[in-house]
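Notes follow once the structure below has been shown.
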Amino acid sequence: MAVVTPPDRQARLNMITQMLSTDSIKRSMRLWVAQLGTVRMKQIFAVVVDKVMSDFVAWAYAGTYNEEVQDHLRYWTEHVLSVWVSVFLCVTDQGGVVPAPINVPVPGKAQVERYKNMAYSRLWALRVDELFDIVVDWDDTIAGIDDIKPLLTTPQARQYVSQKFATTLQTRLLHPGASTVEILQIYVSTIRAFKGLDPRGVLLSKVSGRVRQYLRERDDTIKLVVAGLLADPSTIAEKRASDQNSDVLSELAWELQHRDLNAGKNVNSMDWNNMKWQPEPIDAVPDQAKSAKHMDVIGSVISLFESKDVFVKELQVTLAERLLRNKEDYDQETSVIEHLKIRFGDAALQACEVMLKDVLDSRRLDQVIRKDQGLLQDHGDTEDTQEPEIHAKILSRLFWPSLPGSTPAYGDDSEEEQRFKPPLSILHQRDLYEQGFENLKQTRKLTWNDNLGQVEIELSFADGRTYHDEVLPYQAGVIYAFNNEDEDSTLTEPITRTVSDLSTELTLPTTLVRSACLLFVSKRILQPSSNIHDAFTVLEHLPPIPGTLTTALDPSTNSTTFPTHTNADLASSAAAAQVAADRAAELAAQQAAKEAEAKEKRAKMAVYQQFVMAMLTNQGAMPLPRIAMMLGMVVPGGFPFSNEELREFLAGMVRDGGVVMLGANYKKA
Amino acid sequence: MDFENSAPNQPTMAEQAKLNGSASVANTQSVTKRLQSELMALMMSPTPGISAFPDADGNMLHWIATIVGPNDTPYADLNLKLDFQFPADYPYSPPTVLFKTPIYHPNIDFSGRICLDILKDKWVASYSVQTVLLSLQSLLGEPNNASPLNNEAAILHEKDFEEYKRKVLARHVDLDD
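As structure tokens, then:
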């Protein structure tokens, strides 16, 4: 919206009088003035101008945010609206006769000023109505806030804004349809926008309460916050450019690195030397000083959680996962931890720091140990050897969160099956490595966690194909079992193994074995055996026609029944097969994950069983709701199960004979 | 006196008076935290014959514990209930432990008070509910007759063990029923 230089007032007057000079208008004007009288006519005219003003503001500025809006509006009122108004008043005064342009009086300065104020307040109302959209599209809409700010002077206006915004939030954001990322994103934008609107943070503290409350109820909030903090802030520009909702709140990472810590510090009202001190706004809540800290994005997002511990714990879990990945460097993680340390202090993040140090130290240790134990190989001539290389990350168990598959702190025999047995050649190397470590650190012992890590595999097939990928240890173990020791693999039959065999050999649950096999099926390395049930065969030769791959999924369909397929058909069916195989692998992996989760839940239940037993032993018989309530109180981190689940659980305990039911009460047997 | 028994950085009297309001809140929190972890430890490594749990109104500073009498003692298979009251500066001072179940024992009086050195001047901050319960369990089998609270029991324990046994069983009441 470019600001036009004001044209000659005379020219505009000419134009208007010209427009009014048609016969029909002249006639009706005269008629109206004659019938209604001057006073009534002016009243009606005032109503019309009022409406025109609102309509114009809504039409011209809705959804348009830039610095020129205000200038444009001033121009419009000064040079368009006021001229029209003065012409009309003149016409009415003269009994409906359109005057010559020269006779129209110039409106007084005060008059124009009044029109301007009216127009600004219309704009203000529009912007307040749009405030939610302004926040949603934050950054591009920054000028919208400037339209609101100048009129935000009375307590009434402030209250109107905060109430209006809170209601909009309630109806448009805080419902099950909004994803947690979205809500967090808007919360962050709200903080930024309101910081511009009201630097003291009073308004923000009034609108943010509900959002914070709602975010606390969402389970995935903390995960998203931590993931966001650890995200790569450089992706933020891309994300903005592509204008799509990503699942990661990289804004948080950006905030963390760019925030000036001192800006968040509240002005201390006890500082007698502060000559810029001003009292809190009249609508401030009594503990305003406290809520002012919510102006800081990171601080307010982190303070969503009732304690630092919850946050640090989640941070550890995410950090552990990231550190265990095979990465070149961990600079980003280090910098995030350093930034968080400024906020939380060293003590709270001590564990995280140890984790980082572990990973960095192990790189050095790894080199030394490998050298000492003669494990060091030149990368050049390892190509033909079947000997795998191992590298280890040495973690201080006490400082890491419990990792999947690591020995649980509480004994449970059923955990045994989780441990997967790596191939012998790995075991051998491991022993050497262990010796190396124990030579180096006399007092410490190395315990291997076979379920974690990555394995780089390189497979070569009879038809000369090679395949290279990074997979999980158990998947590598499965594919290793298909390894053909014979050099002349071309002569022998491709190896076929059943899932149950593999399961006993590797001490892995069958679901995991099957999921690994399906993964390799999707990569066209294995195929389900055609004659043995639940077995897989190495696909040494790629089938000549891609269409045969359909057999890989659906044994009942025989590819030979479609001899007339065109090439395109075959290609598409191969693609479909690929998709289906991927999906099958995914499903199997999901099932495996679900099983692991169920197992973890069972392990947790064993602890809850102790709680229940101790409770019933010491407090005598109790009804179910009471047990649920007590568990909620004493179990660290809260008791995550519903009353129904607890009832089932207690029924299990009754079956096992530890507990008996007496009426509605449970009692120790 | 051991160092472990005094809280670190004990503030001076004046400071204490000033800080009292907020300090006591922080204190209760740390006590609750400590008790929570003790409870978790008890749940993670259950010891046969002893058990403890916060009381019914969810007050962490008040626990109820149960000891099952050790096998080769007159108390074999008896359920003995105890009451633990933790002070605000726990673990720097010992909990107050009382037997709820009426018990006949040389070192325990008729209102359940216990004469045990680790609950008095020998208390160390590294003791826990579990160690107290284990000590009490062994005290049942091996009373300290040299400093009795119940003189008659101490004499009977040494002179007429059968009578002692009879009195133990006669005095016992199972609180659950």
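In order, the protein sequences belong to chains G and P.
According to our numbering, the residues represented by the first sequence are 1 to 669, in order.
According to our numbering, the residues represented by the second sequence are 1001 to 1177, in order.
Beta carbons are placed, not taken as given, at the ideal position from N, Cα and C, and that holds for glycine.
Residue range of the beta strand (DSSP E) that includes residue i
{"i": "glutamine 278 of chain G", "result": "Careful: glutamine 278 of chain G lies outside any beta strand (DSSP E) and carries neither H nor E."}
{"i": "histidine 175 of chain G", "result": "Looking at the DSSP string, histidine 175 of chain G is not in any beta strand (DSSP E), and its letter there is neither H nor E."}
{"i": "aspartate 366 of chain G", "result": "It is not in any beta strand (DSSP E) - aspartate 366 of chain G instead sits in the alpha helix (DSSP H) that spans 350-372."}
{"i": "methionine 661 of chain G", "result": "659-662"}
{"i": "tyrosine 65 of chain G", "result": "No beta strand (DSSP E) holds tyrosine 65 of chain G; DSSP gives it neither H nor E."}
{"i": "alanine 1065 of chain P", "result": "1062-1068"}
{"i": "aspartate 469 of chain G", "result": "466-471"}
{"i": "alanine 1079 of chain P", "result": "At residue 1079 of chain P the sequence reads asparagine, which differs from the alanine that was named. Element bounds for asparagine 1079 of chain P: 1079-1085."}
{"i": "valine 1097 of chain P", "result": "1096-1099"}
{"i": "asparagine 665 of chain G", "result": "665-668"}
Proximity test, Cβ basis, 9 Å: residue i and chain G
{"i": "tyrosine 1066 of chain P", "result": "Sequence check: residue 1066 of chain P is threonine here, not tyrosine. Yes, threonine 1066 of chain P lies at the interface with chain G (some Cβ there is under 9 Å from its Cβ)."}
{"i": "alanine 1076 of chain P", "result": "no"}
{"i": "alanine 1056 of chain P", "result": "yes"}
{"i": "tryptophan 1123 of chain P", "result": "no"}
{"i": "lysine 1081 of chain P", "result": "yes"}
Minimum Cβ-Cβ distance from residue i to chain P less than 9 Å
{"i": "arginine 602 of chain G", "result": "no"}
{"i": "phenylalanine 344 of chain G", "result": "no"}
{"i": "methionine 605 of chain G", "result": "no"}
{"i": "alanine 592 of chain G", "result": "no"}
{"i": "aspartate 413 of chain G", "result": "The predicted position of aspartate 413 of chain G is uncertain, since its pLDDT is 36 and thus under 50; no value can be drawn from it."}
{"i": "alanine 614 of chain G", "result": "yes"}
{"i": "methionine 629 of chain G", "result": "yes"}
{"i": "valine 312 of chain G", "result": "no"}
{"i": "valine 634 of chain G", "result": "yes"}
{"i": "arginine 626 of chain G", "result": "yes"}
{"i": "threonine 443 of chain G", "result": "no"}
{"i": "asparagine 643 of chain G", "result": "no"}
{"i": "asparagine 665 of chain G", "result": "no"}
{"i": "phenylalanine 305 of chain G", "result": "no"}
{"i": "phenylalanine 639 of chain G", "result": "no"}
{"i": "phenylalanine 399 of chain G", "result": "no"}
{"i": "phenylalanine 194 of chain G", "result": "no"}
{"i": "threonine 504 of chain G", "result": "no"}
{"i": "threonine 619 of chain G", "result": "Residue identity check: residue 619 of chain G is glutamine in the sequence provided, not threonine. Taking Cβ atoms only, chain P reaches closer than 9 Å to glutamine 619 of chain G, which makes this a yes."}
{"i": "glutamine 610 of chain G", "result": "yes"}
Where residue i falls: helix, strand or coil (DSSP)
{"i": "tryptophan 76 of chain G", "result": "helix"}
{"i": "phenylalanine 562 of chain G", "result": "Note on phenylalanine 562 of chain G: pLDDT 37, under 50, position unreliable in the model; no value is reported."}
{"i": "phenylalanine 1053 of chain P", "result": "strand"}
{"i": "isoleucine 532 of chain G", "result": "coil"}
{"i": "glutamate 586 of chain G", "result": "helix"}
{"i": "tyrosine 115 of chain G", "result": "helix"}
{"i": "alanine 409 of chain G", "result": "Note on alanine 409 of chain G: pLDDT 37, under 50, position unreliable in the model; the coordinate value appears next. In the structure shown, alanine 409 of chain G sits in coil (DSSP, three-state: anything other than H, G, I, E or B)."}
{"i": "leucine 502 of chain G", "result": "helix"}
{"i": "proline 495 of chain G", "result": "Here residue 495 of chain G turns out to be isoleucine, not proline, going by the sequence shown. In the structure shown, isoleucine 495 of chain G sits in coil (DSSP, three-state: anything other than H, G, I, E or B)."}
{"i": "serine 1045 of chain P", "result": "coil"}
{"i": "glutamine 454 of chain G", "result": "coil"}
{"i": "arginine 1113 of chain P", "result": "strand"}
{"i": "serine 460 of chain G", "result": "strand"}
{"i": "isoleucine 390 of chain G", "result": "coil"}
Continuous alpha helix (DSSP H) stretch holding residue i: start and end
{"i": "tryptophan 59 of chain G", "result": "23-61"}
{"i": "arginine 84 of chain G", "result": "Reading off the sequence, residue 84 of chain G comes out as tryptophan, not arginine. Taken as a continuous stretch (DSSP letters only), the alpha helix (DSSP H) holding tryptophan 84 of chain G covers 82-93."}
{"i": "leucine 315 of chain G", "result": "308-323"}
{"i": "leucine 340 of chain G", "result": "331-344"}
{"i": "valine 211 of chain G", "result": "202-217"}
{"i": "proline 625 of chain G", "result": "624-634"}
{"i": "tyrosine 1092 of chain P", "result": "Looking at the DSSP string, tyrosine 1092 of chain P is not in any alpha helix (DSSP H), and its letter there is neither H nor E."}
{"i": "asparagine 439 of chain G", "result": "424-440"}
{"i": "phenylalanine 641 of chain G", "result": "Here phenylalanine 641 of chain G belongs to no alpha helix (DSSP H), and DSSP marks it neither H nor E."}
{"i": "aspartate 147 of chain G", "result": "142-148"}
Residue j beta carbon less than 9 Å from that of residue i
{"i": "lysine 162 of chain G", "j": "tyrosine 115 of chain G", "result": "Contrary to the premise, residue 162 of chain G reads as serine rather than lysine in this sequence. No; because the gap between Cβ atoms is not below 9 Å, this pair is not in contact."}
{"i": "alanine 462 of chain G", "j": "glutamate 540 of chain G", "result": "yes"}
{"i": "valine 87 of chain G", "j": "valine 112 of chain G", "result": "no"}
{"i": "alanine 606 of chain G", "j": "serine 1051 of chain P", "result": "no"}
{"i": "phenylalanine 132 of chain G", "j": "leucine 169 of chain G", "result": "yes"}
Determine which residues of the region 1023-1054 of chain P have a Cβ less than 9 Å from any Cβ of chain G, and write them out in chain order. Gln1036, Ser1037, Leu1039, Met1040, Leu1042, Met1043, Met1044, Ser1045, Pro1046, Ser1051, Ala1052, Phe1053 and Pro1054
So if I threshold CB-CB distances at 9 Å, which residues from the region 126-142 of chain G count as touching chain P? none
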